[in-house]
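K.L.:
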Amino acid sequence: MMRNYDLASATYHSSLNLKCLPLTTWEFRKNAFYDAILFEKLQTNWSSKQDFLKQSEKENRELIVTDKNFKIVFVSKTISRISGYHKKEILGKSPAMFQGEETSEATKLKIKTAIKELKPFKEVVLNYRKNGDSYWCEIEAYPMFDKKGTFLNYIALEKIAS
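In case it helps, this note's numbering puts the sequence shown at residues 673 to 834.
(1) What separation, rounded to the nearest whole angstrom, lies between the Cα atoms of I832 and E810?
(2) Could you tell me whether the stretch 795 to 815 touches the stretch 754 to 761, where touching means 3 or more Cβ pairs closer than 8 Å?
(3) Based on Cα-Cα distance, which residue from N676, Y677, F711 lies nearest to N825?
(4) Buried or exposed for F724, going by 16 or more other Cβ atoms inside 10 Å?
(5) Does the count of Cβ pairs from the stretch 812 to 828 and the stretch 726 to 739 closer than 8 Å reach three?
(6) Alpha carbon to alpha carbon, how far is L690 from N676?
(7) Excluding five sequence neighbours on each side, which residues of the same chain lie with their C-beta closer than 8 Å to the C-beta of K782?
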């Protein structure tokens, strides 16, 4: 039975008029490069360029970028590792979505003050995962400006605090 199948398959394939074509695009790899491309596009207007995406991967941290209205416009593809949220559930929301009932008001005030003054900050805050479990999160954040000094984005590198 298998012999007949192999013979029929070989006959069929030899009758096809197939041509090999060179690879002209890497579009099939789009998802693998998408984060890097999107991040590169975000930083085109920044006065100083530092590859925070590469840094976050190297240091095993999550990267979150907000726009000037403090809505999340970019998250690293591994964000669900610490938050439990899928990327699509986070984009367009405020980073405050990770805070909860027992998050320290004093820490929230420190963060809010730094953001209001457009200054870098580093804090450890009690955050909450999608399933409601809490975790201590170390946040290191930086405001990003264009060459004219106009505020554009906040970048936060985050990891589980040790």
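We put the CB at the ideal spot given by N, CA and C, even for glycine.
P.N.:
The structure says:
(1) In this model, I832 and E810 are separated by some 6 Å (Cα to Cα).
(2) Judged by Cβ distances under 8 Å, the stretch 795 to 815 makes contact with the stretch 754 to 761, as three or more pairs qualify.
(3) Closest in C-alpha terms to N825, from the list N676, Y677, F711, comes F711.
(4) Burial call: buried.
(5) Between the stretch 812 to 828 and the stretch 726 to 739 there are three or more inter-stretch CB-CB distances shorter than 8 Å, so the stretches are counted as touching.
(6) So the two alpha carbons sit approximately 23 Å from each other.
(7) Non-local C-beta neighbours of K782 in its own chain, meaning closer than 8 Å and more than five positions away in sequence, comprise F793, E795, ordered along the chain.
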